[in-house]
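At position 174 of the sequence shown the residue is numbered 174 (the UniProt record's numbering), and the sequence of numbers has no breaks. Report on one structure; see the data block that follows.
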Amino acid sequence: MAKNTFRTPPPEENSNLNPNLFQSSWKTFGIFNRRHPIFQYIASLFIKFVIYFISITLAWVLVLKFVPIWVTPTMIDRKVTALFNGRDSEIHSDWEPYENISKEAALAVVASEDQLFPQHFGFDFNAMWGAFRYNLKGKKIKGASTISQQVAKNVFLWQGRSYVRKVLEVYFTFLIEIVWGKQRILEVYLNVAEMGKMTFGVEAASLRYYGHSAKSITRTEAARIAAVLPSPNRFSITNPSKYVQRRTSFITRQMRGLGGKAYIADL
1 MAKNTFRTPP PEENSNLNPN LFQSSWKTFG IFNRRHPIFQ YIASLFIKFV IYFISITLAW
61 VLVLKFVPIW VTPTMIDRKV TALFNGRDSE IHSDWEPYEN ISKEAALAVV ASEDQLFPQH
121 FGFDFNAMWG AFRYNLKGKK IKGASTISQQ VAKNVFLWQG RSYVRKVLEV YFTFLIEIVW
181 GKQRILEVYL NVAEMGKMTF GVEAASLRYY GHSAKSITRT EAARIAAVLP SPNRFSITNP
241 SKYVQRRTSF ITRQMRGLGG KAYIADL
């Protein structure tokens, strides 16, 4: 009777992943690339674009770390829309340094919009996940943008929803967190956020609706401004609805619960 012989196959026969396959594919790609220089040209253009984009945007962010931001894409959009529709197109905006703004105003927007602002690095992933699950239900879209993300969008980008804008928002949020730091981000937010019809920044809102500077704004006044931030063109500071009144009281309680102005003292 013939004796059965068992032969162990070589490794390349036992494995679905042949290591030589990758080497061969890379060589094939190299030959193809040499025969088709257009791909080299496209790759070179892409690399140059990335380098130029990073260099220009980094320089842009560095400059805006030190100079007042008088105009944003959102302001331009509001003005153009008002002109197109035949409405009053005057923009109310008045830049004030962080030290000239009451810390009650700074605390109010943190308590209202982003209570983890002093701790996170630009993104609140728990809030983002909660908003994602909420939006899967098909109801009204709920956002979860931090103050840093809102500043990145308002200063560097356009309004609207798209994947391109969202990716750029993440990029600029990352940059300003590194280059600007928390206090500068909050300073910019307090000066460029839309806080009423054609009204941008807490100084302009305080002068227009309360008749005095944001340096002397009270806790209740600051909370009232923060209460309209979700929809500043819909809600009124001077003629608050019951919703705005309830939200003002809620924000005031949150400000106390966070420990008052000491919560943002070390930004």
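For each residue, glycine too, the CB sits at the ideal point set by N, CA and C. This one's a predicted model, so the numbers in the text were calculated from it and none came from an experiment.
For Met-75 against Phe-200, the beta-carbon gap comes to about 6 Å, under 8 Å, which counts as contact. In the three-state reduction of the DSSP assignment, Met-198 falls in the coil class, being assigned neither a helical nor a strand state.
Straight-line measurement puts the Cα of Arg-165 at about 31 Å from the Cα of Ile-101.
By alpha-carbon distance to Gly-122, the top candidate from Ile-185, Ala-111, Glu-104 is Ile-185. With respect to the 8 Å criterion, Pro-232 and Met-195 are classified as neighbours on the basis of their beta carbons. Distances from the CA of Lys-197 to each of Ser-236, Leu-267, Asp-124, Ala-43 were compared; the closest alpha carbon is that of Ser-236. According to the DSSP assignment, Phe-250 belongs to the alpha helix (DSSP H) that extends over 242-257. Counting of Cβ neighbours within 10 angstroms places Lys-153 among the buried residues, the total reaching 16 or more. In summary, Asp-88 is exposed, with fewer than 16 beta-carbon neighbours lying within 10 Å of its beta-carbon over all protein chains present. The three-state secondary structure of Ser-93, taken from DSSP, is strand.
Gln-40 counts as exposed, since fewer than 16 other C-beta atoms from the protein chains shown sit within 10 angstroms of its C-beta. Asp-77 is positioned such that its CB atom lies closer than 8 Å to that of Gln-159. Distance from the CA atom of Ser-241 to the CA atom of Ala-111, rounded to whole angstroms, is 20 Å. In terms of CA proximity to Arg-247, Ile-225 leads the group Arg-234, Gly-260, Ala-265, Ile-225. With contacts defined as CB atoms closer than 8 Å, Ile-91 and Asn-191 fail to qualify as a contacting pair. Around the beta carbon of Ile-147, 16 or more other beta carbons sit within 10 angstroms, so the residue counts as buried.
Counting along the chain, Trp-60 sits inside the alpha helix (DSSP H) bounded by residues 37-64. Counting along the chain, no alpha helix (DSSP H) covers Arg-234, and no H or E run does either. The three-state reading of DSSP puts Ile-69 in coil, since its state is none of H, G, I, E or B. Ile-217 places its beta carbon less than 8 Å from that of Ala-105.
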